[in-house]
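Engineer:
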Amino acid sequence: MKTLLSKVLLCAAFCVGNITNGYCQNDSVKMPHYDQLSLKDLLSIKIVSASKKTEFLFDAPLSASVVTKEDIQRTGCTSIMEALRLVPGMIVREESNGNYDIHLRGMDNVPPNAPFDITSNTTTLVMIDSRPVYSYLRGGTFWETLPIDINDVEKIEVIRGPAAALYGPNAVNGVINIITRQADKQGLFMVANTQQGSYHTFINNASVGYRFNKKMSMIASGNYQDRDRTQTSYFEFNRNQPLENPEYFINFSGDTVRNVDARYPDPHMGFYKYAGNLFLNYEPTEKIKYSISTGLQHSTVQKVSTENEITPFSTATSATGYADFKANIKGLSAQFSYNRGTQATDLDPGRKYEFHIIGGNIEYNFTKANFSIKPGLSYTSAVYDDSKYADAVTKTGLLNGRGEITTQTASLRGEYRLMNNKLRLVAGLGANKFNYPQTTYFSSELAATYKLTKKNLFRIVFSHAPRSANIFDTYVTKTISYYQTGYRNFTRLTLEGNKNPKLLTAGMFEIGYRGLI
């Protein structure tokens, strides 16, 4: 399967025709070269995520950055995660070849002293075309499960700071919105690239698009990655040393574990994924637009996981699919999405689960002169269930049952411009109602920008955001074999979920300046 996918995408890359700049359209198409733009032009790049409307990056009220597809092509980034290294304030650490732990503004120890993977990405909301790809199992993002790849990206918008008033809970420390490319020119086009590197690294992407007319377009894309680890050994906690091709492991309790081949079928593998996507856009008028996207992905990776009591690394698998619908009708905007699949945090029996997430939001923008107000409603239901795979007697699964996290949010956002548009005031408030805990958490945002001149802008921001509960902390009923209380001293523990947790919240006060020097 791996060889077949690699050959198909490799052939596609060489059959594109004119592969220069990755495009095969007529010669009149000119791509913007951002490396040749002045600072003024760079700050004139459009951004949507900062205010949920199109505006210049220079005028955005929040601390924001944009990575364009030209930036990605010019710097040679091989994945979306690697492209985030171009963003100021972003920490991108590689766990193994292709697998990353990503944090915004250094918030990589929340809650304090938590196991490494539990803190991973949990305070940043990642979205694809404004569709959250948040994992409610323990929070955060499983980057290997993104159905799109580097070839699908038009730009990546990053908002630093709490943004739950705009996007609901879990945008605690910021937002990463990955915006996919669209067919801009009428007719057929094709984009493809293939890369091969050390450690058996194969990266292949291809997409075919067609714009039927000014109103309708379609893009189909596929991606494939296969990367080996830079080493094949596994560090064992008990013996405190790396082991090369071990025949057995010794766990915390001193028991011998011999199912090494079942849990680690390929010691060389670091990252393996293939996926496909379909994007449809229909724009009957300038003020009415519909879009539908759908896709499937399959991935197997070896990455850090504290679910493993033997060694830091686990073999995680994921097979998921999604569907997303967006509509913009004059001042009304709505989005509905569905995501489901089967995942395993470790190939040890009982670590597998099924999930499905339903989400939707609707907003309406009232505008009059220099004033606008936008009320909105949203709903999310995330269900995780490992009943088919867990042992109800020994309770050695992840949850040993079914769990659901629901969120209902009502929001209101307003904007007012005065002093000949030099002063801009932005305010947002959100009320988030969860099933657990049964408490309403509020999110807020208050921002002001003052454009002293065309080249100088001052801004001040205060924002506050909560994170929702997660499935594991709320529903877990699990027996932990042994927990280390000292050197080679272990105590048997049982974990019980807390359905009335105090949720993590973050507040920020920020003063900023932008200038064209």
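Throughout, the working numbering is defined as the position within the sequence shown, counted from one, plus 459. Beta carbons: idealized from backbone N, C-alpha and C, even for Gly.
Going by alpha carbons, who is nearest to His562 out of Phe968, Ile587, Ile504 and Val634?
Structural biologist: Val634
Engineer: Which of the three DSSP states is assigned to Arg872 in this structure?
Structural biologist: strand
Engineer: Which term fits Phe648, buried or exposed, when burial requires 16 or more other beta carbons within 10 angstroms of its beta carbon?
Structural biologist: Around the beta carbon of Phe648, a 10 Å sphere encloses 16 or more other beta carbons of the protein chains shown; the residue is thus reported as buried.
Engineer: Which residues in the same chain as Phe795 place their Cβ atom closer than 6 angstroms to its Cβ, once the five residues preceding and following it in sequence are excluded?
Structural biologist: Phe784 and Gly819
Engineer: With Gln794 as the anchor, note down where its beta strand (DSSP E) starts and where it stops.
Structural biologist: Leu791 to Ala803
Engineer: If you draw a straight line from the C-alpha of Ser676 to the C-alpha of Pro606, how long is it?
Structural biologist: 20 angstroms
Engineer: Which partner residues of Ala907 appear in the DSSP bridge assignment?
Structural biologist: Leu884 and Ile919
Engineer: Can you give me the C-alpha to C-alpha distance between Ser524 and Ile550, rounded to a whole angstrom?
Structural biologist: 14 angstroms
Engineer: Nearest by alpha-carbon distance to Gln897: which of Asp845, Asn959 and Arg861 is it?
Structural biologist: Asn959
Engineer: What does the alpha-carbon distance come out to for the pair Pro726 and Gln761?
Structural biologist: 9 angstroms
Engineer: Return helix, strand or coil for Gln641, following the three-state DSSP convention.
Structural biologist: coil
Engineer: Can you name, in chain order, every residue of its own chain whose Cβ lies under 8 angstroms from the Cβ of Phe721, other than the five neighbours on each side?
Structural biologist: A quick correction: the sequence has Ala, not Phe, at residue 721. Once the five neighbours on either side are set aside, the close Cβ partners of Ala721 are Leu806.
Engineer: Start and end of the alpha helix (DSSP H) containing Asp932?
Structural biologist: Ile930 to Tyr934
Engineer: For the alpha helix (DSSP H) containing Met540, list its first residue and its last residue.
Structural biologist: Ile539 to Ala542
Engineer: Let me know the secondary structure DSSP gives Tyr482 once reduced to three states.
Structural biologist: Confidence is the limiting factor: at Tyr482 the pLDDT is only 33, short of 50, which leaves the residue's position unreliable and the question unanswerable from this model.
Engineer: Tell me whether Val719 sits in a helix, a strand or coil according to DSSP, three-state version.
Structural biologist: helix
Engineer: Taking contact to mean 3 or more Cβ pairs, one atom from each stretch, closer than 8 angstroms, check whether the segment 638-646 and the segment 694-713 are in contact.
Structural biologist: no
Engineer: Tell me whether Asp714 is buried or exposed, calling it buried when 16 or more other Cβ atoms sit within 10 Å of its Cβ.
Structural biologist: exposed
Engineer: For Ile800 versus Thr779, is the C-beta spacing smaller than 8 angstroms?
Structural biologist: Residue identity differs from the one stated: residue 800 is Gly in this sequence, not Ile. In contact: Gly800 and Thr779 (Cβ atoms closer than 8 angstroms).
Engineer: Does the segment 878-887 come close enough to the segment 903-918 to have 3 or more Cβ pairs within less than 8 angstroms?
Structural biologist: yes
Engineer: Which partner residues of Ala523 appear in the DSSP bridge assignment?
Structural biologist: Ile618
Engineer: Can you tell me which residues form a DSSP beta bridge with Lys833?
Structural biologist: DSSP lists Arg872 as the beta-bridge partner residues of Lys833.
Engineer: Using a Cβ-Cβ cut-off of 6 angstroms (strictly less than) and excluding sequence neighbours within five positions of Ala793, which residues of its own chain qualify?
Structural biologist: Ala786 and Ile821
Engineer: Let's see if you can read the secondary structure: which residues bound the beta strand (DSSP E) around Arg552?
Structural biologist: Met549 to Ser555
Engineer: Mind checking whether Ala965 and Ala928 have CB atoms under 8 angstroms apart?
Structural biologist: no
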